[in-house]
Amino acid sequence: MESIADFDKQVLDLMLDEDSIEENIDLEVGKADELMSKYNTPKFRVEPRMSKDCFVDNPSAASSVSSHISHLRSVLKLPKIEFTKFGGDIKDWLQFWSQFKRINDDESLENEDKFQYLIQATIPISRAYQLVKSYPPIAENYPNVIDSLKSRFGKDELLVEFYVPELLKLVLNNSNTKVSLSTLFDKVESQLRALETLGVTSENSISFTTGPLSDSLYIPTISVFILGN
């Protein structure tokens, strides 16, 4: 029974990987349920009549198939997750990395496969794509290309330098465009959440007053937003 269970799991995984239509996968799942039922019915009838020496139960196989089928059914109900493709725009880094990090941290994947996923997750001909393609796609180079991407686009200091001016522009532009207070608050809050992700909070917001924008009269306004966050 264990070999049948293992084989059935392999069939279901292969169908899922090859994007089989849902009806075919449901049919396979139904057959697996029917097989389990046919196996269990005589098993429950015969088992009480057999001595422990004559019968060796293996509940793990049945349990494994059952849990695997349940997992596949839950997967089928979910829409496919598409890559957030990254082209090298700083504002897109956090969203890109929050998704790709799942692949990067997956120990069941080989580095060669991770490298191919990374190529697919970058916009062709973009700065990020050209950086990734500058490395031969072999396992040994995967950690190096990830380090290069983080160094070029994902440094906290670089991201903070991007989000702080964006935050300032929201307030500066509001004096001309007269955006509603609620809309302005939502936009500012979005930028603050990004900064919070990078570890920038009210405790270290003093760093906002450095750089070419330090003389802006709107720095106190932004500090109020941060302190109230």
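Per our numbering, the sequence shown starts with residue 94, numbered consecutively. Don't be surprised by glycine CBs; every beta carbon is placed ideally from N, CA and C.
Check	Outcome
Please report the straight-line C-alpha distance between residue 254 and residue 184, rounded to a whole angstrom.	11 Å
Below 7 Å CB to CB, which residues in the same chain sit around residue 178 once its five sequence neighbours on both sides are set aside?	214, 215, 216
Let's see if you can read the secondary structure: which residues bound the alpha helix (DSSP H) around residue 234?	No alpha helix (DSSP H) contains residue 234, which DSSP labels as neither H nor E.
Looking at residue 193: is its Cβ nearer than 8 Å to the Cβ of residue 235?	no
Following the continuous alpha helix (DSSP H) through residue 196, name the residue where it begins and the one where it ends.	186 to 197
Tell me, to the nearest whole angstrom, how far the beta carbon of residue 239 is from that of residue 197; I am working on the premise that it is less than 8 Å.	7 Å
Just the Cα atoms here: how many angstroms apart are residue 237 and residue 210?	15 Å
Considering only the beta carbon of each residue, do residue 180 and residue 245 sit closer than 8 Å?	no
Taking residue 206 as part of the alpha helix (DSSP H), name the residues at either end of that continuous run.	204 to 213
The alpha helix (DSSP H) spanning residue 63 covers which residue range?	Residue 63 is absent from the model: the chain starts at 94 and stops at 322.
Taking the alpha carbon of residue 241 as the point to measure from, which residue in 249, 205, 224, 257 has its own alpha carbon closest?	224
Under a three-way DSSP split, which group does residue 255 fall into?	helix
Taking the alpha carbon of residue 176 as the reference point, which residue from 257, 212, 205 has its own alpha carbon closest?	212
Output the distance between the C-alpha atoms of residue 228 and residue 243, rounded to the nearest integer angstrom.	15 Å
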